[in-house]
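Residue numbering for the sequence shown follows the numbering used here, starting at -19 and increasing by one per position.
Using N, Cα and C, we set each Cβ at its ideal position, and we do this for glycine too.
Working notes, structure below.
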Amino acid sequence: MIRRDTIFYALFSLVVLCWATQALAGDKASGLRDIGSYEWTEVNPDADWAPRAGLQVVNLWGRFYLMGGRTPKPPSFPPVIGDSVIWGDVWKSSDQGRSWKQIVQSGDAWPPRAYFQAVTKGPFMYVLGGQNFKAGPACPEGVQNCSDFFNDVWRSVDGVHWKQMTGDAGWKKRAGLSAVVFKHHIYVMGGSQNDDEAIGGPGGPPRLYFNDVWRSRDGRHWERVTASAPWSPRAGAVAVVKNDYLYLLGGEEGFICDPLPFCQPPYFNDVWRTKDGVNWELVTASAGWSPRPGHQCAVVVDQIVCFGGFGLSKDPTNPFGPGNPLDVWVSKTGADWEQVSDSPWNATDPADGKYDFDVLSGWFRGEKGYRPAIFTFGGDRETFDFTDFTNYLNVDNDVWKFAPPSEAELVAIDIKPGSDQSCININGRGTVPVAILGSAQFDISQIDPTTLSFAGLELGENGKGNLRCRKKDTNIDGYWDLVCRFVDDIEKWAPDNETEATLTGNLLDGRAFQGTGSYCLRPDKNAEDQDESSEDEQAPKRQPPQKGHGLNPYPWWAW
-19 MIRRDTIFYA LFSLVVLCWA TQALAGDKAS GLRDIGSYEW TEVNPDADWA
31 PRAGLQVVNL WGRFYLMGGR TPKPPSFPPV IGDSVIWGDV WKSSDQGRSW
81 KQIVQSGDAW PPRAYFQAVT KGPFMYVLGG QNFKAGPACP EGVQNCSDFF
131 NDVWRSVDGV HWKQMTGDAG WKKRAGLSAV VFKHHIYVMG GSQNDDEAIG
181 GPGGPPRLYF NDVWRSRDGR HWERVTASAP WSPRAGAVAV VKNDYLYLLG
231 GEEGFICDPL PFCQPPYFND VWRTKDGVNW ELVTASAGWS PRPGHQCAVV
281 VDQIVCFGGF GLSKDPTNPF GPGNPLDVWV SKTGADWEQV SDSPWNATDP
331 ADGKYDFDVL SGWFRGEKGY RPAIFTFGGD RETFDFTDFT NYLNVDNDVW
381 KFAPPSEAEL VAIDIKPGSD QSCININGRG TVPVAILGSA QFDISQIDPT
431 TLSFAGLELG ENGKGNLRCR KKDTNIDGYW DLVCRFVDDI EKWAPDNETE
481 ATLTGNLLDG RAFQGTGSYC LRPDKNAEDQ DESSEDEQAP KRQPPQKGHG
531 LNPYPWWAW
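Listed below in structure tokens is the structure:
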């Protein structure tokens, strides 16, 4: 029997998918795919939940649910390395992280834990694995601190009422595991058991790392897919799903190395993928980003975006100082990576880089419909400098959003309208025509032409000093477009990349807008005159729409 909430969830997902497909297909030049143009915005600098790391956040029915994690305690005497409050609370946000309401007190649902996993499947959210923290008399003799590790699974439809699906999933108890929903199954892989010596101190049981893969349809019944995947056993790896593949990226098999800062830490930056969890393909042994744990990767507009993570200092004068990487990397396949930013969270210092935070990615509804975004929550900035008695404060309770520029309306443009290939000359002569396409949502009569710029080029003027823009229905859709000519200047030409260039400008009310279009460069063959006339020569002859309204001027039977 199919549950009504399952049907509703499927319809809800379909609506979002349709919005996303329409946004990308209907505005190929909108810049939504250009991750390099995305901006970081702090949604909430100080949320109501305590600062924490090793937390989890899920998105269910458009609401964010934040749960678990650890908050460091102030230094004590004698000192206890890693001494922390471990959370089992649940917080809910209905406005994309701007405000939060606690819906479960810590420990009232499932045992408190950190470094666990949470996923959504159908109408349910699931909590899987993780660890707590114990110190002093609760630990074996000679061990400074210790943890209990979990392999239980819990689920809920509302974040308030939780049901234990199993107290023993079959896979060994672990933290730092990776989990994702893939092809109707919840997959669990990797992770570790027992504390690292850098935290638990000597004398405790050795830390064990896993590379097994398990899956379940309901969280209750689990099957082992493989006992030993070809990738090295690890914790802190990231699992994402893109198209028909499950990807595993990065991770670690230890926190530090010796001697600092000259050693190579036991971190990974390899990328693997699989279609079934059994047969794995090494996509790259060394991605463009540096080896790291505690990072996050997310899929947005069909691209894998990775950022954050823990890094050790490379400064011989301060070997325990901050060394967290400050970069954002993008890949379509997981093999070839491009760095698009060196300032995640607008950070300028490694001390401001985060690790052990969590993310949500996808399409989120805003004032201008659904747009892609990545949200981040909390995170850690502590170092291994145990002489720093303020180190425990370097854990966050903020919410950030990484998304296309919010202040700029995204519009469609057509470089060299009337030309199928949009090939142009950049040779210091002539002009480059660009059409700003009007629509029912965008009235080109509200554009302030004096603010327009295209890939660094300035708007041209005619002999009377008037700006070279005119209205024309270039794509025969019944809406006026604004065709402007920009002065060809090879010294100022600065496109986004080798195939796309962006036009920017403001409306008369001061609001900004931008549009990105595709182009190709044509070899210079004295084509100045051709560029000047190409728009009129190549565009089909037709009557413009009637002035005064944006309706299609043609009757329905002539479309």
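Counting only the Cα atoms, Ser498 lies some 45 angstroms from Gly139.
The DSSP-derived three-state label of Gln76 is coil. Distances from the alpha-carbon of Phe337 to those of Trp343, Pro324, Asp329 and Thr328 put Pro324 closest. For the set Trp71, Phe190 and Leu12, the Cα lying nearest the Cα of Arg32 is the one of Trp71.
Bounds of the beta strand (DSSP E) holding Lys101 are Gln97 to Lys101. Burial is judged here by how many other beta carbons sit within 10 angstroms of a residue's own beta carbon; His165 has at least 16 and is buried. Of the residues Pro246, Phe493 and Gln111, the one whose Cα lies closest to the Cα of Ile416 is Phe493. Put simply, the stretch 159 to 174 touches the stretch 217 to 226. At least three CB pairs are less than 8 angstroms apart.
Residue burial annotation: Lys381 is buried, with at least 16 other C-beta atoms found within 10 angstroms of its C-beta.
Around the beta carbon of Arg204, a 10 Å sphere encloses fewer than 16 other beta carbons of the protein chains shown; the residue is thus reported as exposed.
When C-alpha distances from Lys334 are compared across Val463, Ser341 and Asn304, the shortest belongs to Asn304. Lys452 has its alpha-carbon roughly 15 angstroms from the corresponding atom of Ser399. Here Phe366 is not near Val37, since their CB atoms are 8 angstroms or more apart. A residue is called buried once 16 or more other Cβ atoms fall within 10 Å of its Cβ, and Lys444, having fewer, is exposed. The DSSP-derived three-state label of Asn371 is helix.
When secondary structure is reduced to three states using DSSP, Ser311 falls in the strand class. Residue environment for Leu373: exposed (fewer than 16 other C-beta atoms within 10 angstroms of its C-beta). In terms of Cα proximity to Ala278, the closest of Val220, Ser293, Gly289 and Ala315 is Val220. Residue pairing from DSSP places Thr254 in a beta bridge opposite Leu226 and Trp260. Classified as buried, Gly359 has 16 or more neighbouring CB atoms from the shown chains inside 10 Å of its CB. Assigned with DSSP and collapsed to three states, Gln401 falls in coil, not helix or strand. The shortest C-alpha to C-alpha distance from Leu306 to any of Pro271, Val281, Arg465 and Thr146 is the one to Pro271.
In the DSSP assignment, Ser433 falls within the beta strand (DSSP E) that extends over Ile427 to Phe434. With a contact defined as Cβ atoms closer than 8 angstroms, Leu501 and Cys464 miss out at about 20 angstroms. Val379 is the residue among Phe434, Ser293 and Val379 whose C-alpha sits nearest the C-alpha of Asp26. Only residues of its own chain outside the window of five on either side were considered, and among them Val193 and Val258 have a CB closer than 6 angstroms to the CB of Thr206, listed in chain order.
As a beta-bridge residue in DSSP terms, His165 pairs with Phe162. Under DSSP, the beta-bridge partners assigned to Ile416 are Ile393 and Leu462.
The DSSP-derived three-state label of Asp69 is strand. Phe364 places its beta carbon less than 8 angstroms from that of Ile236.
Taken through DSSP and simplified to helix, strand or coil, Asn326 comes out as helix. A straight line joining the alpha-carbon of Cys119 with that of Cys126 spans about 6 angstroms. At least 8 angstroms separates the beta-carbon of Gly490 from that of Val391. The beta carbon of Asn174 is closer than 7 angstroms to those of Gly184, Pro185, Pro186, Arg187 and Leu188 in its chain, skipping five residues each way along the sequence. Unbroken beta strand (DSSP E) runs of no fewer than 3 residues, entirely contained in the stretch 36 to 71, are found at 36 to 40 and 43 to 52, following chain order. When the five nearest sequence neighbours on each side are left out, the beta carbons in the same chain lying within less than 8 angstroms of the beta carbon of Val280 are those of Ile15, Ser341, Gly342, Pro352, Ala353 and Ile354, in order along the chain.
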